[in-house]
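The block underneath contains the structure these notes are about, expressed in structure tokens.
Numbering (the working numbering), first residue to last: 66 to 1221.
Have a look at this one:
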């Protein structure tokens, strides 16, 4: 189907922008009533504070008793109620978890009356004359920490007309490294990606690197700070996904997980959005300084707590590393304040990975045995070879066939990846209220991230084309047999070499990143009008470094022997590995001197990436107080939002290489002499490794020993460089209209509105020229003449272009006359000259998309004082990821190929990505029934349903297709120039995806049970989702656990605080489906991540009123991350299910905290 815009070119003016202008005119017409205040009314304003925490209270409900006049306190505890009848009125303030407050206020006509409120006044050790908190009882603050956090969250959620989860930064205890992913993973509907499986390249597999909400991937989950879009440059790919390594929770007061977006929010998160609310001095009733100094260590290295040990790179280092963070808040009375936060930490991460590869069927065997001779005593064929060299039978020593019920472990990979990560963060925020109706905020955040990373991998394997004997707990490859040996009466005509191998690979690529984010926001309120404007920018730079840090990026070698044995196999890991040379003697692979030196190639993976956004927004709202329909209140809001995002990649690429041409070396000449005596884990002895640092030093000292001048090196390096050059700039303009209000004596809170986005994209990537091997005219077409109707080839020595004949001379003369250049000799395939012609970097890819409007309609009704029902319908959109159809599409090589034979049909092929792809569209229904307990708890059930369409699909269409010409035009190509061409591209297809799920959540303190119950607080949640897809070639939902559950229990008294949190993830599908046949029956296997329970622990002890000790641990059960392969019928035996295991140890963070 064609990829046409939603509206004809002559009607591209957006419907919403027209409505936006209409609303401005309509609101302007009401200006007269905007300032026509009733002469018999006045205004009441003030602030609400909680003395138990020293924080001003957000979302407290302030009501004028006996009327429908009601408002909420803002983020900083401020409230204002206008048009209050003159005279004595009674104000009532309610806040979940606190006893209501009440005060009488005298209102003077045309004047402003001030009335502040303080919850828990008796717990403040000192207050000012104005009634604000000056001094707190820190023992009380500590014991009430979780209760305070719960109250903040529940009150924010309760009075929202749409569905969202709010979590105070103190709700889940201290988070080592401040990783936001470790914080939000306990929220229902949220799942976390780790290491490379998230968005983290060269990240520890134990570190959270991405966030997904309700089965939609991280590229469709926006993350913002105070509504400001963030950047996070990934050297790996151009992506919308926000990595977590350069973010921190330490500068946030709370986190919102928004399940239903309102029209005044960007609409690119169909699953949900994450918004961090930064700390502000206006939230605090008094100056506050909190500092923490700690140490990070891993449970696997407790015997090396205070001494240096090898790794992670080229020197011994301490593995117990420091951390420090602080928050300093300075409120200058009530109209100005500064907030400073900062943090620095270094963490050593342990990463051991064991990967077990099994053969399940003869179709897993690439190639066939070299001998159809039985090498076992007794004779008889052990391998039958069908035509084409495919093995059709493969038996172990007892004659049992290789099949799904009798698989064999033929390869083990053991990887040791020690990693040191350093994070630095800082922020400053200035809040100023120059007048009561104006507020200015300026904020800046800095994030720095760097890793020292060394991946050392061993592979042990028997060539799977050769015979081996096996059982549930062993595998023995056959022995090397030299040529001429008589076996069962037959003399071997050549060596029988089963190719038993140990391979070694060392990769050292350090990642460095910097992110700057800043914004300025101004708001002005006058009467019923509220105007807000914001401008912000964020810039992130990410790099892979090697040369700059004194090392190459990779080296590898291998050791070939005569036989390999695995014994004592348990869960895919051999208890012992034996390796023999070709004479049958044991060979110690752990000693590098026993390995043979390969051709030495020094590699670099230097890549650079940049992600930059510039954003402006303007919002205008007006209370429609001139409407007089019962007790209905309403506010109209409209706004404009522009976001320009640019992402770019450059550098040498990941595979740049130089070849060594100096004097002969042995492997011991560049053996790692620092990382010694360390086992890679999994029952293996300490291994000697190659050193990318020593090889780099050799290059530095003798640069003439290395060069990249060979044609193969030049071709390789050009390919890597060309494929690294990518850039895209996307500019999005959005308009919205929204109406919000209350009815039925403030019991019904309603909201509806619409939003529309227009996106333009400009970018470049590398184009593949499939007809590189033909002489081209100046306009890029294949050169043809009477003598050469099928074109003239560049890659054939027999081409007339190189013929020393009259025809060749005539051809060259014609080319010279036409000004066409050509080589003087044939260009070899995969040569440097070929690559230059084949890969054309900086090829433009531009487009424009006008999306259809998105809508939201939502309502919340208070069924009783404590029971609220919510219902929302929302249509949201998700723009495709930059390297997922917009700039680069898997399986679609960018290029135009013209057939050399002009008589063929189609005459050529066009393969092109589609920068005009429209967003995915998701229609969602959300329902919630929530009960808010009088003691400050919550019990809620939230079912939801989403239907997603407009997926990207790869198609091939021909000129005969009625949509062919329109599709070419939409891609910016002239159909008249490509008559009879086939087009392969990416379009918005017809498939749909349906997601059905529900979330259950409960939080409550246990004071009701009396006694010790007052010290405990419990919380828990459960999420279930089911995804069904139809006619889609792309997954709309990332593989996730269908069922997740989290729970926690805290104990807090005046000195001791303990928090234990648990997260249970149900089995998760991990892909790689394969079908095998056993005895005529087909069985489907796939990879799964088994159900996993992880526990985190936080503890603190209050030494004095100002000082406390803390200890935090992540994954206290030391759970590994496993991947299993199995079929649902159980034919695959248990011994062959384990295919991947990652082990990390327990990361601890201990230290002391001071609070003033």
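A virtual CB, placed ideally from N, CA and C, is assigned to each residue, including glycine.
Count the other CB atoms, across all protein chains shown, that sit within 10 Å of the CB of residue i; report buried if there are 16 or more and exposed otherwise.
i, result
"residue 100", "Its pLDDT being 42, under 50, residue 100 is placed unreliably by the model, and nothing is read from it."
"residue 1095", "exposed"
"residue 810", "exposed"
"residue 131", "exposed"
"residue 1221", "exposed"
"residue 1149", "exposed"
"residue 402", "buried"
"residue 480", "buried"
"residue 613", "exposed"
"residue 154", "buried"
"residue 799", "buried"
"residue 663", "exposed"
"residue 27", "Any property of residue 27 remains undetermined from this structure, which presents the chain solely from 66 to 1221."
"residue 661", "exposed"
"residue 93", "In this prediction, residue 93 has a pLDDT of 49, which is less than 50 and means its spatial position is unreliable; what the coordinates show is noted afterwards. Exposed."
"residue 1074", "exposed"
"residue 633", "exposed"
Would a C-beta distance cut-off of 7 Å place residue i and residue j closer than the cut-off?
i, j, result
"residue 385", "residue 373", "no"
"residue 1031", "residue 920", "no"
"residue 325", "residue 467", "no"
"residue 942", "residue 973", "no"
"residue 359", "residue 1214", "yes"
"residue 563", "residue 543", "yes"
"residue 971", "residue 1045", "yes"
"residue 116", "residue 183", "yes"
"residue 711", "residue 794", "yes"
"residue 521", "residue 754", "yes"
"residue 1233", "residue 896", "Residue 1233 is absent from the structure shown; the chain starts at 66 and stops at 1221."
"residue 344", "residue 404", "yes"
Looking at the unbroken alpha helix (DSSP H) that takes in residue i, where does it start and where does it end?
i, result
"residue 312", "Counting along the chain, residue 312 falls outside any alpha helix (DSSP H), and DSSP gives it neither H nor E."
"residue 248", "245 to 249"
"residue 259", "Run containing residue 259: none in the alpha helix (DSSP H); it sits in the beta strand (DSSP E), 255 to 259."
"residue 836", "No alpha helix (DSSP H) holds residue 836; DSSP gives it neither H nor E."
"residue 669", "It is not in any alpha helix (DSSP H) - residue 669 instead sits in the beta strand (DSSP E) that spans 666 to 669."
"residue 899", "897 to 903"
"residue 875", "871 to 883"
Please look up how many angstroms separate the CB atoms of residue i and residue j, rounded, as I've assumed it's under 8 Å.
i, j, result
"residue 1211", "residue 1183", "5 Å"
"residue 822", "residue 797", "5 Å"
"residue 565", "residue 627", "6 Å"
"residue 772", "residue 834", "Not confirmed; about 28 Å, so no contact."
"residue 1158", "residue 1127", "6 Å"
"residue 747", "residue 417", "7 Å"
Ends of the beta strand (DSSP E) at residue i?
i, result
"residue 760", "No beta strand (DSSP E) contains residue 760, which is instead part of the alpha helix (DSSP H) from 757 to 766."
"residue 1074", "It is not in any beta strand (DSSP E) - residue 1074 carries neither H nor E in the DSSP assignment."
"residue 418", "417 to 424"
"residue 986", "985 to 997"
"residue 1218", "1212 to 1220"
"residue 740", "Here residue 740 belongs to no beta strand (DSSP E), and DSSP marks it neither H nor E."
"residue 789", "Looking at the DSSP string, residue 789 is not in any beta strand (DSSP E); the run it does join, the alpha helix (DSSP H), is 776 to 789."
"residue 619", "619 to 625"
"residue 1203", "1203 to 1208"
"residue 616", "Segment: none, residue 616 is in no beta strand (DSSP E) and carries neither H nor E."
"residue 521", "520 to 526"
"residue 939", "932 to 943"
What are the complete beta strand (DSSP E) segments, minimum 3 residues, inside the stretch 672 to 705? 672 to 688
What ranges does the beta strand (DSSP E) occupy inside the stretch 1001 to 1056, keeping only unbroken runs of at least 3 residues that lie completely in it? 1003 to 1014, 1017 to 1022, 1046 to 1053
Enumerated in chain order, which unbroken segments of the beta strand (DSSP E) with a length of 3 residues or greater are wholly contained in the stretch 1164 to 1191? 1172 to 1179
Those runs of the beta strand (DSSP E) which lie wholly inside the stretch 292 to 375 and span at least 3 residues: 317 to 323, 338 to 343, 353 to 363
Complete beta strand (DSSP E) runs within the stretch 132 to 165 (minimum length 3 residues, chain order): 135 to 137, 143 to 150, 152 to 159
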